[in-house]
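Colleague: Under my numbering, the first sequence has 481 at position 347, and the numbering climbs by one with no breaks.
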Amino acid sequence: MGLAQELAAAGVRRGAPLAVAVVPGRGVGLAWAGGTRAVVGDPRQVAEQLAVLGPRWTWWSAREAARPLVAAGFRPRACWDLGAVGMLLHGLRRSGPEAVWAAAHGRELPPEPGPRSHAPSLFDLPDAEDADGPVRADGQLASSWVRGGWAGDIDDAARWAELAARLQRQQEALLRGLPDPRPAAAPGSPGLALLTAYAESAAALLAVELEHDGLPLDEEAMTGLLAQMIGPRPADAAAEAAMRAARDERVLRRFPGPPVDLRNPAVVRELLTRVGIDVPDTRSWRLERYAATSAPVAELLAWRKTERVATTYGWSWIDRNVGPDWRLRGEWGWADGGAGRMTASAGLHNLPAELRPGVRAEPGRVLVRADLGQVEPRVLAAVSGDAGLARAAREDDMYAPVAAALRCDRPTAKVAVLAAMYGQTSGAAGAALRDMERAYPRALGFLRAAEEEGRAGRDVRTYGGRLVRLGPHPPGVEPGRVSGYGRYARNAVVQGAAAELFKAWAASVRAGLARMDGEPRIVLCLHDELLLHVPEAGADDAVALVRSMLEATAGWWAAGSGVRFVADVSVGHSWAEAH
DNA sequence: TGCGCTACGTA
DNA sequence: CGTACGTAGCGCAG
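(1) Report yes if the CB atom of Val173 is closer than 9 Å to the CB atom of Leu164, and no otherwise.
(2) What is the C-beta distance between Val493 and Pro350, in whole angstroms, given that I count them as a contact (C-beta under 8 Å)?
(3) Hey, how far is the Cα of Arg316 from the Cα of Leu326?
(4) First and last residue of the beta strand (DSSP E) that includes Arg475?
(5) Is the stretch 202-211 touching the stretch 224-242 in the sense that three or more CB pairs, one from each, lie closer than 8 Å?
(6) Of the choices Val500, His483, Arg490, Ala436, whose alpha-carbon is the least far from that of His661?
(7) For the stretch 181-197 against the stretch 150-163, are there 3 or more C-beta pairs whose distance is under 8 Å?
(8) Relative to the alpha-carbon of Trp294, which residue among Ser277, Glu306, Arg310 has its alpha-carbon at the smallest distance?
(9) Quick check: Glu510 and Val628, are their CB atoms within less than 9 Å of each other?
(10) With a threshold of 8 Å on Cβ separation, who are the neighbours of Glu465 within its own chain once the five nearest residues in sequence on each side are excluded?
(11) How many whole angstroms separate the CB atoms of Arg603 and Gly225, which I take to be in contact at a CB cut-off of 8 Å?
(12) With DSSP as the reference, please indicate the residues paired to Val154 in a beta bridge.
(13) Mark Glu422 as exposed unless 16 or more other C-beta atoms lie within 10 angstroms of its C-beta, in which case mark it buried.
(14) Work out the CA separation of Ala516 and Glu529 for me, nearest whole Å.
(15) In chain order, what residues of the same chain have a beta carbon less than 6 Å from the beta carbon of Arg490, not counting five sequence neighbours either side?
(16) Taking Met221 as the reference, give the member of Ala138, Trp468, Pro202 with the closest Cα.
(17) With 16 other CB atoms within 10 Å as the buried threshold, where does Ser195 fall?
(18) I'd like the list of long-range same chain contacts for Pro669, defined as Cβ closer than 6 Å, with 5 residues on each side in sequence excluded.
(19) Expressed to the nearest angstrom, what Euclidean distance is found between the alpha-carbon atoms of Arg592 and Gly618?
(20) Do you know offhand how far Ala566's Cα is from Arg201's?
(21) Work out the CA separation of His707 and Arg615 for me, nearest whole Å.
(22) Can you tell me the Cα-Cα spacing of Gly448 and Trp460, whole angstroms?
(23) Consult DSSP for Val518 and reduce its assignment to one of helix, strand or coil.
(24) Going by C-alpha to C-alpha distance, which of Gly522, Cys542, Ala527 sits closest to Tyr574?
(25) Output needed for Thr687: all residues of its chain with C-beta closer than 6 Å, excluding positions within five of it in sequence on either side, in chain order.
(26) Taking 9 Å as the threshold (C-beta atoms), are Ala633 and Met532 in contact?
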């Protein structure tokens, strides 16, 4: 009997959790609701064999378990990421097994491992106890197992997988215990928190795939752009320094007096006084109004732009982050920060618009760009259950009906909505804000409630169930700056829910692409934008897919709210062209 | 070397 | 109107 049949007979069926601990090159440990199994063999081949069962691959982290499979060319279908779900459920800032295990069992979190050594504690002397297994007598995970001690032995890997399977059931039970915020969830269907856990897990896997695949650049296009903006690639450090000096000189010769360090804001401020400009700081937006009348300022601002590209997105950036295959690769986070947005390093999330023509599909392929329109106000309408705002969110442009309701013009309506969502401090849209309160009381009440929870230092949960900690040290908020908690919480419930919707959409697009030919891939996630790299022949199908998946996702995510989500979708050879 | 500040790119 | 994130160079403290 083959392995797949064996597990099928043991009750592992489509969508059922199957925990896997990968021992690279040696085998895998498996565990499911009814048993465990240590399998010797190439992990990728084992995974391929079991894929016919369509299990929900369950692992402590995609980074550890899925990376070797992805690197070997295996693309898992569905998964459960204990780290990702643990962060979601418990509001953790880290996703390690010791933390998610402790949180699920209501125990104090082990101290954060790090370069900074801490005072010795009970957590530091587990090795003597480890012989017994992964769980210590005090209920915490043994640190040698957490550090991967199980990976030396396939039977240990099976024990590690068994523990994963157990924690998966506990997490699932906790998720099922959360209230479903949707007014019209289909009876008998999974709750929103469980569905969000699936999406978070998929996002964690997608992060691993994005790191592996990278973003395709075109060598000729990108080097051409850079050469035009910052000059040709310097031959050596001396040539680089000379070009730098030449760039500085162009600016300095416009100012009277001795040269100064343009990279030092304090002396730049002094420099500006030489041409009669006195400013509190030298930020670009503040200097912009002088640029039209002052050639030195215009030159300085142009220098800043070039300097930004030269230092952050220049030749050394290419050398550090672009492979010989001309793929730009960075590290991806699936749920960083307070709100749980995806993050990326290596400039993937802040690539200047001028460089986007350098992001190009490979020959025979195209890029499909899809971005959600007005996603945050639509999310607000859905999560607050405000019938009036939801009615507005049925339109392609929801600011038009909002303007009508507020009896103002569209730009004012937009500012009023944004001011309400993010807690404005300056009084530009005061009157419109009062009209908002009248027109959309439920949405405004929802935001105010989040703000009050934040001010009081009470944790909040997003629509999808992410716990946002507002306790002693919420990330991004200085302890003691209690007024900051309010806006932080107000923002987190909207931005966080939007991130959850986006990831659910991305997960379903990923699943849909897996059924298409020619290895179409998601190559970039940018908060409300997806970029797909697909065969030319599959472009129309990909466009249809992102649209139908948005409709399907919104159908369950915003069930009963009446809110529509819209996407702008386009196809092109370069990222810039697909706009 | 590590950290805060200033500045700026993206959503 | 606000929030989030990553990156880089500077000055300063250690």
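Glycine included, every Cβ here is placed at the ideal spot set by N, Cα and C.
Modeller: According to the structure shown:
(1) Looking up residue 173 in the first sequence gives position 39. Looking up residue 164 in the first sequence gives position 30. Yes, the pair counts as a contact, with Cβ atoms nearer than the cut-off.
(2) Position 359 of the first sequence, counted from the first residue, corresponds to residue 493. Position 216 of the first sequence, counted from the first residue, corresponds to residue 350. Indeed they touch by this definition, with Cβ atoms about 7 Å apart.
(3) The sequence position of residue 316 within the first sequence is 182, counting from 1. The sequence position of residue 326 within the first sequence is 192, counting from 1. So the alpha carbons of these two residues sit roughly 8 Å apart.
(4) Counting from 1 along the first sequence, the entry for residue 475 is found at position 341. It spans 475-478 - the beta strand (DSSP E) in which Arg475 sits, taken as one unbroken run.
(5) no
(6) What you label residue 661 is simply residue 527 of the first sequence in a count that begins at 1. Ranking Val500, His483, Arg490, Ala436 by Cα distance to His661 puts His483 first.
(7) yes
(8) As a position in the first sequence, residue 294 is number 160, starting the count at 1. For the residues Ser277, Glu306, Arg310, the minimum Cα distance to Trp294 belongs to Ser277.
(9) Working through the first sequence from its first residue, we reach residue 510 at position 376. Working through the first sequence from its first residue, we reach residue 628 at position 494. Result yes, Cβ atoms of Glu510 and Val628 sit closer than 9 Å.
(10) The residue you call residue 465 lines up with position 331 of the first sequence. Same-chain partners within the cutoff: Glu345, Ala478, Ser479, Ala480.
(11) Looking up residue 603 in the first sequence gives position 469. Looking up residue 225 in the first sequence gives position 91. Yes, they are in contact, since the Cβ atoms of Arg603 and Gly225 sit about 4 Å apart, within 8 Å.
(12) For the purposes of this step, residue 154 is taken as residue 20 along the first sequence, with counting starting at 1. For Val154, which the question treats as bridged, DSSP gives the partners Leu164.
(13) Taking the first residue of the first sequence as 1, we reach residue 422 at position 288. Under this definition Glu422 is an exposed residue.
(14) For this step, residue 529 is matched to residue 395 along the first sequence. For this step, residue 516 is matched to residue 382 along the first sequence. So the two alpha carbons sit approximately 14 Å from each other.
(15) The residue you call residue 490 lines up with position 356 of the first sequence. The answer, listed in chain order, is Trp709, Ala710.
(16) Position 87 of the first sequence, counted from the first residue, corresponds to residue 221. Nearest of Ala138, Trp468, Pro202 to Met221, Cα basis: Trp468.
(17) The residue given as residue 195 occupies position 61 in the first sequence. Label assigned to Ser195: buried.
(18) Your numbering for residue 669 matches position 535 in the first sequence. Arg499, Gly652.
(19) Residue mapping note: residue 592 aligns to position 458 of the first sequence, counting from 1. Residue mapping note: residue 618 aligns to position 484 of the first sequence, counting from 1. Distance between the alpha carbons of Arg592 and Gly618: 13 Å.
(20) Position 432 of the first sequence holds residue 566. Position 67 of the first sequence holds residue 201. Cα to Cα, the separation comes out at about 50 Å.
(21) The sequence position of residue 615 within the first sequence is 481, counting from 1. The sequence position of residue 707 within the first sequence is 573, counting from 1. Summary for Arg615: the model assigns pLDDT 45, below 50, so the residue's position carries little reliability, and this model does not support an answer.
(22) Looking up residue 448 in the first sequence gives position 314. Looking up residue 460 in the first sequence gives position 326. Using only the alpha carbons, I get a separation of about 15 Å.
(23) Counting from one through the first sequence, the residue named residue 518 turns up at place 384. This sequence places Ser at residue 518; Val is not what is there. It is helical.
(24) For the purposes of this step, residue 574 is taken as the residue at position 440 of the first sequence. Nearest of Gly522, Cys542, Ala527 to Tyr574, Cα basis: Gly522.
(25) For the purposes of this step, residue 687 is taken as the residue at position 553 of the first sequence. So the qualifying residues of the chain are Ala638, Trp639, Ser642.
(26) Within the first sequence, residue 532 is the residue found at index 398, counting from 1. Within the first sequence, residue 633 is the residue found at index 499, counting from 1. It is not a contact, given that the beta carbons lie outside the stated cut-off.
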